[in-house]
Amino acid sequence: MQANHVVIWLDHSEAHIIAFTRDAADKAVVVHAPNRREHQHHKADAVGSGKAAEHPEYYDAIVEKIRDIREWLVVGPASAKLAFVKHIAKAHHALNDHLIGVETVDHPTDGQLLAYARKYFVAADQMR
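Just so we're aligned: the sequence shown equals residues 215 to 342 in my numbering.
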């Protein structure tokens, strides 16, 4: 299947990537961030900054999976999706035009994620 749309759900530990067309979808591909076991500490006197570590190689691995797909929707529950978009602008600026939208989405199943993306692209009149 030659997909022309992709939805990427990501947080700081993993990304779920589903490429699809109007009628078909690939099985979700999961990309894991390096050092996924790093923990954020939010308590006083705890070691750590309270921020998730940024891993450009994680974002690059995601880009490699979606590079040839025409239109991207990036979703996720927190700041990782924004860090990913900034990484694209900085390190892969030629691909900026592929980005159609960025949305906050909690932790959907892959089926819910695909349904959300299809609805998003239809609403944006991009489902061709």
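In this text, a Cβ means the ideal position worked out from N, Cα and C, and glycines have one as well.
- Taking the C-beta atoms as reference points, Lys279 is found nearer than 7 Å to Val243.
- Under the 10 Å beta carbon count, Ala229 is surrounded by 16 or more other beta carbons and is classified as buried.
- Residues of the same chain with a CB within less than 7 Å of the CB of Val299, apart from the 5 flanking positions on each side, are Val288, Leu313 and Val316 in chain order.
- Using a Cβ distance threshold of 7 Å, Asp225 and Pro322 do not count as a contacting pair.
- Assigned with DSSP and collapsed to three states, Ala303 falls in helix.
- Here Ala247 is buried. Its C-beta has 16 or more other C-beta atoms within 10 Å.
- Annotation: Val336 to Pro270 spans about 31 Å, alpha carbon to alpha carbon.
- The alpha-carbon separation between Asp237 and Ala331 amounts to approximately 13 Å.
- Taking a contact as a CB-CB distance under 8 Å, the pair Tyr273 and His301 counts as one, their CB atoms being some 4 Å apart.
- Around the beta carbon of Ala305, a 10 Å sphere encloses fewer than 16 other beta carbons of the protein chains shown; the residue is thus reported as exposed.
- No Cβ-Cβ contact shorter than 7 Å links Val245 with Ala233.
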